[in-house]
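Under numbering that gives the first Met the number 0, the letters of the sequence shown match residues 0 to 77, in that order.
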Amino acid sequence: MEGELASMGQFIGAGLAAIGSGAAAIGVGHVAGNFLSGALRNPSAAGGQTATLFIGIAFAEALGIFAFLVALLLMFAV
């Protein structure tokens, strides 16, 4: 009985940690949307902000990958 409860806790924790992957997708959408909004307001400055766009997307995706890693560790940890 206790082993089943611990296994259930692992899967619940993994599911909660996987929410971070969805949050990362929302973060990427916000980064790209704000860049597009700024680029449409001032197209001449858009070229200089492209590197910042890619850095923001990379950080948001990295958080999603970390959340996925935590979910896997919770599922398959001994």
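Cβ atoms here follow ideal geometry from the backbone N, Cα and C, with glycine treated the same way.
This one's a predicted model, so the numbers in the text were calculated from it and none came from an experiment.
Burial state of residue i (16 or more Cβ within 10 Å)
i   : result
A76 : exposed
G63 : buried
Under 8 Å between C-beta atoms of residue i and residue j
i   : j   : result
A61 : A17 : no
I56 : A38 : no
A23 : A66 : yes
L73 : G12 : yes
L15 : F34 : no
Between the CA atoms of residue j and residue i - distance to the nearest angstrom
i   : j   : result
V27 : F58 : 9 Å
S36 : S43 : 13 Å
L4  : G47 : 54 Å
F10 : G21 : 17 Å
M7  : R40 : 51 Å
E1  : H29 : 43 Å
G19 : A45 : 29 Å
I54 : I25 : 16 Å
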